[in-house]
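Accompanying notes for the structure given below.
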Amino acid sequence: MEKIALDYVENYCEPEDELLKELSRETALTQLHHRMLSGNYQGHLLAMFVKLFNAKSVLEIGTYAGYSTICIARALPENGKITTIEVNDEIQWLSEKYFEKSGMKNKINALLGDAKEIIPNLNQEFDLVFIDGDKREYIEYYNLVFPKLRKGGLILADNVLWNNKIFGKIESNDYMTKGILKFNEYITQDKRVEKLILPVRDGLMMIIKN
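Dropping the structure here:
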C-alpha cells in the first residue's frame with residue numbers, strides 16, 4: 010500500500026496505545042530490521058479477524074518483538090490462548106518484556122525454536138494461524154499447520170506481495186522472493202481452501218479451510 014494511502018487509513022483506525030507506541034520505539038532503537046514490526050493498522054486488522062472468527066486458539070509463526078502477539082492476545086476471550094513461535098533468541102528479551110507489561114502473559118504461550126520442529130508436537134486444534142516467519146519456508150509451515158486448523162478456520166500469511174518484488178525479474182539468489190512466489194502459486198492451486206490477497210501493507214493472504 011502506498012504511504013499516502015496508508016497514512017490516510019491509519020487516521021481512520023483506532024489509535025495506537027502508549028504500550029504499543031513504546032514497543033514500536035524500543036524496537037526501532039534496538040533492532041536492525043525494525044520495519045518487520047506489524048504496526049498499528051495491521052495489529053487492529055489481526056484483532057478483528059480474531060473476533061470475526063470467534064477464535065479461542067491461535068498459532069503465530071514469527072513472534073519478532075511481540076507487537077502482533079499482544080494485539081491478538083487482547084482480542085481473545087478470557088479463556089483464549091495464542092501460541093507464538095520465534096527462532097531468534099536474540100530478540101526474545103524484547104517480546105518477553107512487553108508480554109509482561111501488557112498484562113497478557115496468561116494468554117501467551119511463547120516458544121523459542123524452529124517452527125518446523127515445534128509444530129508437529131503441538132497437540133491441539135487452532136481456529137486461526139498467522140504465518141509471518143521465514144519466507145522461504147511458508148509452504149512447509151502451511152502444510153504443517155493445515156491438519157491442525159479446524160474446518161472453517163483461518164490462515165493469514167503476511168508479506169505475500171513482498172515489497173512488490175514478486176512482480177519483476179527475480180534474481181537467482183533471491184530465495185525470499187522465490188519462496189513467497191511459490192507459496193502464492195501453491196495456495197492458488199489448493200482446492201481445499203478459499204483464498205484472497207488483501208493489499209494491506211506488504212500483502213496479507215486470507216485462507217479459509219473448507
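Under the working numbering, the residue at position 175 of the sequence shown is numbered 184, and the numbers go up by one with no gaps. The beta carbon of each residue, even a glycine, is placed where N, CA and C say it ideally should be. Computed from a prediction, not measured in an experiment: that's the story for all the values here.
- Within the segment 104-186, the complete alpha helix (DSSP H) runs of at least 4 residues fall at 124-127 and 147-154.
- For residue 202, the enclosing beta strand (DSSP E) has its first and last residue at 202-207.
- Apart from the 5 residues on each side of it in sequence, residue 110 sits with its Cβ closer than 7 Å to the Cβ of 28 in its chain, given in chain order.
- Here residue 41 carries a coil assignment [DSSP, helix/strand/coil].
- As a beta-bridge residue in DSSP terms, residue 66 pairs with 90.
- Straight across, the Cα-Cα distance linking residue 36 with residue 125 is about 26 Å.
- In the DSSP assignment, residue 55 falls within the alpha helix (DSSP H) that extends over 49-61.
- Rounded to whole angstroms, the separation of the alpha carbons of residue 117 and residue 100 is 16 Å.
- Per DSSP, residue 15 is one residue of the alpha helix (DSSP H) stretching across 12-20.
- Taking every protein chain shown into account, the CB of residue 12 has fewer than 16 other CB atoms within 10 angstroms, so this residue is exposed.
- The segment 166-186 and the segment 132-141 touch, with no fewer than 3 CB-CB distances between them shorter than 8 Å.
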